[in-house]
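Visitor:
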Amino acid sequence: MFQKHRIFFKLMLASTLALTLAAFGDDKYEQTRSADLIFESGSVYTMDPKLPEAEAVAVKEGKIVYVGDDTGLKEWRGKDTQIINLKGKMLLPGFVDTHNHAYLRAENIY
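When the letters of the sequence shown are read in order and numbered with mature numbering (1 follows the signal peptide of the UniProt record, and there is no 0), they come out as residues -25 to -1, 1 to 85.
Next comes the structure, spelled out in structure tokens:
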């Protein structure tokens, strides 16, 4: 009976220690939270009717993680973040041309 309690106590102690170290460990939160690339001080056309224009965009690992005003960028800035000041210029979304004529290309192969 005491053996089960002892095992349970050890597991709880190890779990508590692991969670405490994860929460208060080194500065990994800043490293995981900071963006790789920030576009700021511009006019961002979002193509989203709920938020048609913004001032800033933050990108992390190739994905957009923040769109909004410049003041919201504070939490995304890190020591290794590349910052591009748009100086009021417009930032547009990427355009992908999905209209193509594959049969014309195939014609040239054969």
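Each residue gets a CB set at the ideal place from its N, CA and C atoms; glycine is no exception.
All values derive from a computational prediction rather than experimental measurement.
#1: What are the boundary residues of the beta strand (DSSP E) that F14 is part of?
#2: Output the distance between the C-alpha atoms of S16 and D72, rounded to the nearest integer angstrom.
#3: In terms of alpha-carbon separation, which member of D11, A31, I58 lies closest to K38?
#4: If you compare alpha carbons, which of G69, E36, L61 is closest to W51?
#5: When DSSP labels each residue in this structure, what does L(-15) get in the three-state scheme?
Guide: Taking the structure as given:
#1: Within the sequence shown, numbered from 1, the residue matching residue 14 stands at position 39. Element bounds for F14: 12 to 15.
#2: Taking the sequence shown and counting its residues from 1, the one referred to as residue 16 is at position 41. Taking the sequence shown and counting its residues from 1, the one referred to as residue 72 is at position 97. Going by the C-alpha atoms only, they are around 28 Å apart.
#3: Counting from 1 along the sequence shown, the entry for residue 38 is found at position 63. Minimum Cα distance to K38 is reached at D11.
#4: Position 76 of the sequence shown, counted from the start, is the residue given in the question as residue 51. If we check each option's Cα against that of W51, E36 comes out closest.
#5: For the purposes of this step, residue -15 is taken as residue 11 along the sequence shown, with counting starting at 1. In the structure shown, L(-15) sits in a helix (DSSP, three-state: H, G or I).
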